[in-house]
Amino acid sequence: MPECRSDAPCTIRQFDSVQSLVDFVGQPAIVSSALVIDQPMIDQFAQLTHDKQWIHLDRERAKAQSPYGTTIAHGFLVLSLLSHWQASCIAFPGADLVLNYGFDKVRYTAPVPSDSSVSAAFALAQVTSNRPGEARCSWSVTVSTLDAPRPSVHADWQILVRYGQC
273 MPECRSDAPC TIRQFDSVQS LVDFVGQPAI VSSALVIDQP MIDQFAQLTH
323 DKQWIHLDRE RAKAQSPYGT TIAHGFLVLS LLSHWQASCI AFPGADLVLN
373 YGFDKVRYTA PVPSDSSVSA AFALAQVTSN RPGEARCSWS VTVSTLDAPR
423 PSVHADWQIL VRYGQC
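With my numbering as the guide, the letters of the sequence shown map in order to residues 273 to 438.
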């Protein structure tokens, strides 16, 4: 996956209408800026979600007993960062509403070790317009960890975008 490094600004792709979204279907993925998922972030997520499994929090035990040799990020933490990654590379100027509409599929295919630099690629697979000025966009998202042999997450993410008056 092409990568946008955390020390280099990414170009933000703007979609200012339903037609601009329709025209982008099938184009190469838009790649986000990178974000380091470090242990303090993992610890905060565990605290907020009450998910305190040792593989996420206990570095010594993870080093000794985990197949990954270190703590790893929660899958839901990585998934929750999609909004951040999307905002770093995609904008909807003129939209009155941009709404997370859910997921049709999510697969965790590789761990995200603590202190990893992670980014996401967003490919627009389909746009459905049920009424004027409104589009449901199906994004094929791939989350990748720098220098990892395979992506960490594959997701089919639905976003509702409404232009004009809500």
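Beta carbons: idealized from backbone N, C-alpha and C, even for Gly.
Local Cβ density within 10 Å of residue 355, reported as buried at 16 or more and exposed below that: exposed
Give the single residue among 298, 312, 418 and 365 whose Cα lies nearest to the Cα of residue 390. 418
In the DSSP assignment, what residue or residues form a beta bridge with residue 426? According to DSSP, residue pairing for residue 426 in a beta bridge involves 379 and 414.
Which two residues bound the contiguous beta strand (DSSP E) that contains residue 297? First-last for residue 297: undefined, no H or E at that position.
Cβ neighbour criterion (16 or more within 10 Å) applied to residue 274: With a pLDDT of 41 at residue 274, under the threshold of 50, the predicted position of this residue should be treated as unreliable, though the coordinate-derived value follows. Residue environment analysis places residue 274 among the exposed positions, since fewer than 16 neighbouring C-beta atoms fall within 10 angstroms of its C-beta.
Can you check DSSP and say which residues form a bridge with residue 348? Beta-bridge pairing links residue 348 to no other residue.
Does the pairing of the stretch 365–383 with the stretch 416–432 give three or more beta-carbon distances under 8 Å? Taking a cut-off of 8 Å on C-beta distances, the stretch 365–383 touches the stretch 416–432, as three or more cross pairs fall below it.
For residue 357 and residue 395, which I take to be in contact (beta-carbon distance under 8 Å), what is that distance rounded to the nearest angstrom? Residue 357 to residue 395, Cβ: 13 Å. No contact.
Between the alpha carbons of residue 324 and residue 308, how many angstroms are there, rounded? 20 Å
Distance check for residue 342 and residue 353, CA to CA, integer angstroms please. Computed Cα separation, rounded: 21 Å.
When you compare the stretch 286–295 with the stretch 394–408, are there three or more beta-carbon pairs, one atom per stretch, that lie closer than 8 Å? yes
Considering Cα atoms alone, identify which of 423, 431 and 344 is closest to residue 399. When each option's Cα is compared against that of residue 399, the closest is 431.
Look at the alpha carbon of residue 415 and the alpha carbon of residue 403, and state the distance between them as a whole number of angstroms. When rounded, the distance between both Cα atoms is 31 Å.
Pairwise C-alpha distance: residue 345 and residue 313: 9 Å
Among 412, 283 and 300, nearest to residue 306 - alpha-carbon criterion: 283
Quick check on the DSSP output: the beta strand (DSSP E) that includes residue 317 runs from which residue to which? It is not in any beta strand (DSSP E) - residue 317 instead sits in the alpha helix (DSSP H) that spans 311–321.
Suppose you measure from the CA of residue 413 to the CA of residue 329; what does that come to, to the nearest Å? 27 Å
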